[in-house]
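> Let me give you the structure first, and then I'll get to my questions.
Protein chains: 2
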Amino acid sequence: MAQRGRKPSAWKNVAPSRDQLFALKRTALLREAARAFSARGYHDTSLDDVAKTLGVTKPALYYYVTNKQEILFECHMLAQDLGNVAYDYAVEHGETGREKIVLVCRRYIELITSEIGSCAVLSEFAALEPKNRAVIAKRRDDFQKKFSELITEGIKDGSIREADPRMTVFFFMGAINWMTQWFRPDGDMSGEGIASVFSDLLEHALKPQ
Amino acid sequence: MAQRGRKPSAWKNVAPSRDQLFALKRTALLREAARAFSARGYHDTSLDDVAKTLGVTKPALYYYVTNKQEILFECHMLAQDLGNVAYDYAVEHGETGREKIVLVCRRYIELITSEIGSCAVLSEFAALEPKNRAVIAKRRDDFQKKFSELITEGIKDGSIREADPRMTVFFFMGAINWMTQWFRPDGDMSGEGIASVFSDLLEHALKPQ
DNA sequence: CAACAATCTTACCGCAAAGTCAAACAAGCT
DNA sequence: AGCTTGTTTGACTTTGCGGTAAGATTGTTG
Chain A
2 MAQRGRKPSA
12 WKNVAPSRDQ
22 LFALKRTALL
32 REAARAFSAR
42 GYHDTSLDDV
52 AKTLGVTKPA
62 LYYYVTNKQE
72 ILFECHMLAQ
82 DLGNVAYDYA
92 VEHGETGREK
102 IVLVCRRYIE
112 LITSEIGSCA
122 VLSEFAALEP
132 KNRAVIAKRR
142 DDFQKKFSEL
152 ITEGIKDGSI
162 READPRMTVF
172 FFMGAINWMT
182 QWFRPDGDMS
192 GEGIASVFSD
202 LLEHALKPQ
Chain B
2 MAQRGRKPSA
12 WKNVAPSRDQ
22 LFALKRTALL
32 REAARAFSAR
42 GYHDTSLDDV
52 AKTLGVTKPA
62 LYYYVTNKQE
72 ILFECHMLAQ
82 DLGNVAYDYA
92 VEHGETGREK
102 IVLVCRRYIE
112 LITSEIGSCA
122 VLSEFAALEP
132 KNRAVIAKRR
142 DDFQKKFSEL
152 ITEGIKDGSI
162 READPRMTVF
172 FFMGAINWMT
182 QWFRPDGDMS
192 GEGIASVFSD
202 LLEHALKPQ
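Taken in sequence, the protein lines are chains A and B.
In this note's numbering, each residue carries its 1-based index in the first sequence increased by 1.
In this note's numbering, each residue carries its 1-based index in the second sequence increased by 1.
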């Protein structure tokens with residue numbers, strides 16, 4: 002969004018350059034805001050709070066971001082990126098349709114529960130302003146379509162039993178997305194653990210007899 | 002919450018009494034607010050809007066309700082009531098643990114997709130004020146506990162394969178709760194249809210081989 | 001009708017939070 | 001040092017919304 006153009010510093014790779022510092026601080030801001038949005042919701046999170054947590058004042062945030070909306074939007078984009086990463090990984094490493102589906106599920110959960118993925122908001126979709134919401138909705142629909150195509154593929158190759166692809170996608174996308182409501186990084190279940198249980202449940206749900 | 006005591010009108014059963022009118026309007030208010038909360042979120046829904054939709058002004062709402070919080074709280078209570086109704090039904094009509102679980106799932110979905118259940122918020126948990134949140138959380142935990150006990154029961158009687166009960170509950174409670182994000186009463190899939198697909202998926206996920 | 005209660009309205013208060021602006025401070029470059 | 005650009009701040013404006021007060025309106029009852 003905010004682009005800066007600068008000549009590289011002489012201290013290559015020694016200290017972070019200005020651009021890198023800028024990017025670093027900006028993602029720190031996004032990360033912290035995402036955490037807050039997930040916990041208390043978009044409208045109940047004030048930028049004053051976010052700023053205080055980061056040890057600065059609110060106007061400082063506006064140097065890195067034009068809007069509160071922009072923060073929410075970019076968080077959604079980042080979260081969706083993880084979905085695509087998981088998808089690509091699964092398509093590359095899986096054989097049958099079922100294997101691919103299960104792999105997406107496992108990989109995606111691992112990603113969103115990792116440190117990087119703590120940015121995954123996904124809820125607060127309604128808080129997006131119409132224009133941004135349209136963008137996010139489009140990407141989401143595309144993703145879910147690729148997804149249900151994996152299911153039809155699995156039905157064709159015999160690895161998945163007869164089932165409504167669209168509903169099935171809703172089913173376990175829901176199971177996964179709802180994680181944001183209960184998952185705690187310091188809980189008694191690791192991200193990998195959850196990924197195992199969930200992908201196992203999914204596999205049995207789809208497997209023929 | 003708001004209790005009124007009045008002597009019954011002489012026109013028994015002919016026209017709604019004052020108390021009935023009061024209750025009728027109050028639930029209409031709750032219903033409409035729930036719809037708005039679900040669509041736009043708690044903090045982004047103004048009582049002015051809700052009032053306008055109902056054809057009155059904001060202060061009129063405060064005659065039926067003490068707080069915006071109270072509205073949210075009661076919506077959560079009502080939604081949870083449906084869960085308990087579904088549970089009781091399932092325990093009565095199911096034989097094995099798996100049958101019961103599947104029945105809860107089916108019945109619950111049927112309920113929340115029915116006209117009555119359009120009140121089901123369930124999201125916006127974070128918007129509850131601490132005291133109310135504690136109450137709702139307690140009820141939710143109790144429900145999920147009864148639920149996972151059904152699973153252990155099913156494992157014992159051989160109708161359910163080995164699986165982590167708590168995680169399994171999270172899994173399909175998520176699948177169901179997420180429905181609020183995509184279900185539309187005028188969509189191409191009826192509540193019963195969804196209930197069938199989802200309970201079928203659940204059954205296969207739990208059934209031993 | 002008169003009196004009283006139930007219901008709803010207009011007008012308002014207070015406050016929190018998004019966003020702005022000019023000025024202060026910091027860092028690099030010549 | 002002194003100029004220039006990057007970064008942060010304190011102080012402020014504005015707006016929308018939750019909630020309240022006092023009175024108007026309607027309905028009920030003796």
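In this text, a Cβ means the ideal position worked out from N, Cα and C, and glycines have one as well.
This structure is a prediction, so every number in the text was calculated from the model and none was measured.
Taking beta-carbon pairs under 9 Å, can you tell me which members of the stretch 158-180 of chain B lie near chain A?
Answer set for the stretch 158-180 of chain B: Arg162, Ala164, Asp165, Arg167, Met168, Thr169, Phe171, Phe172, Phe173, Met174, Gly175, Ala176, Ile177, Asn178, Trp179 and Met180.
> I need the DSSP call for Phe184(B), collapsed to helix, strand or coil.
Coil at Phe184(B), not helix or strand.
> Between Ala34(B) and chain A, is the shortest Cβ-Cβ distance under 8 Å, so that the two count as touching?
So, not an interface residue.
> Determine the chain A residues that contact Ile195(B) at a beta-carbon separation under 7 Å, and present them in chain order.
Result: Met168.
> Whose Cβ in chain B lies nearer than 8 Å to the Cβ of Ala206(A)?
Going along chain B in sequence order, the residues near Ala206(A) (Cβ under 8 Å) are Leu202, Leu203, His205 and Ala206.
> Verify whether the separation of the beta carbon atoms of Leu123(A) and Asn178(A) is less than 8 Å.
In contact: Leu123(A) and Asn178(A) (Cβ atoms closer than 8 Å).
> What residues from chain A crowd round Phe199(B), counting only those whose CB sits closer than 7 Å?
The contacting residues are Phe172.
> Does the Cβ-Cβ distance between Phe211(B) and Ala176(A) come in under 8 Å?
The question about residue 211(B) has no answer, for chain B in this structure spans 2 to 210.
> What's the C-alpha gap between Pro17(A) and Asp50(A)?
Cα-Cα distance, rounded: 27 Å.
> Measure how close the beta-carbons of Ile102(B) and Leu203(B) come, nearest whole angstrom, since I'm counting them as under 8 Å.
Their Cβ separation, rounded to whole angstroms, is 7 Å, which keeps Ile102(B) and Leu203(B) in contact under 8 Å.
> For Tyr64(B), does the count of other Cβ atoms within 10 angstroms reach 16, so buried, or fall short, so exposed?
The residue is exposed, with fewer than 16 neighbouring Cβ atoms inside 10 Å.
> Going along the chain, which residues of its own chain have a beta-carbon closer than 7 Å to the beta-carbon of Glu163(A), five neighbours each way excluded?
Excluding positions up to five away in sequence, the list reads Ile156.
> Can you list, in chain order, the residues of its chain with a C-beta nearer than 7 Å to that of Glu75(B)? Leave out the 5 residues immediately preceding and following it.
The residues are Leu31.
> Using a Cβ-Cβ cut-off of 8 Å, state whether Trp12(A) counts as contacting chain B.
Because Trp12(A) sits at a pLDDT of 45, beneath the cut-off of 50, its placement in the model cannot be relied upon, and the following sentence gives the value as read from the coordinates. Chain B, which has no Cβ nearer than 8 Å to the Cβ of Trp12(A), makes this no.
> Determine the contact status of Leu112(B) and Val86(B), defining contact as a CB-CB distance below 8 Å.
Yes, the pair counts as a contact, with Cβ atoms nearer than the cut-off.
> Is Phe126(A) near Ile137(A), with beta carbons less than 8 Å apart?
Cβ atoms of Phe126(A) and Ile137(A): closer than 8 Å.
> Assuming Leu104(A) contacts Gly95(A) under a Cβ cut-off of 8 Å, what Cβ separation, rounded to an integer in Å, is found between them?
The pair is a contact, with the Cβ atoms about 5 Å apart (cut-off 8 Å).
> Taking 8 Å as the CB-CB limit, is Gly192(B) close to chain A?
Chain A contact via Cβ: absent.
> For Trp12(B), collect the residues of the same chain with a Cβ closer than 6 Å to its Cβ; drop the 5 residues on either side in sequence, then sort them by chain order.
Below a pLDDT of 50, predicted positions are generally treated as unreliable, and Trp12(B), at 43, falls in that range; the measurement from the model is reported next regardless. Nothing listed; no residue qualifies.
> Please determine, among Arg134(A), Val66(A), Ala80(A) and Asn133(A), the residue with the shortest C-alpha to C-alpha distance to Ser39(A).
Nearest of Arg134(A), Val66(A), Ala80(A) and Asn133(A) to Ser39(A), Cα basis: Ala80(A).
> When you measure from the CB of Glu71(A) to every non-hydrogen atom of the ligand MN, does any distance come out below 7 Å?
Ligands displayed in this structure: none; no statement on the ligand MN is therefore possible.
> Taking Cβ-Cβ distances below 8 Å as the criterion, which residues of the stretch 32-60 of chain A are in contact with chain B?
So the close ones are Ala40, Arg41, Gly42, Tyr43, His44 and Asp45.
> Going straight from the alpha carbon of Asp142(A) to that of Gly84(A), what length do you get?
For Asp142(A) and Gly84(A), the distance between alpha carbons rounds to 12 Å.
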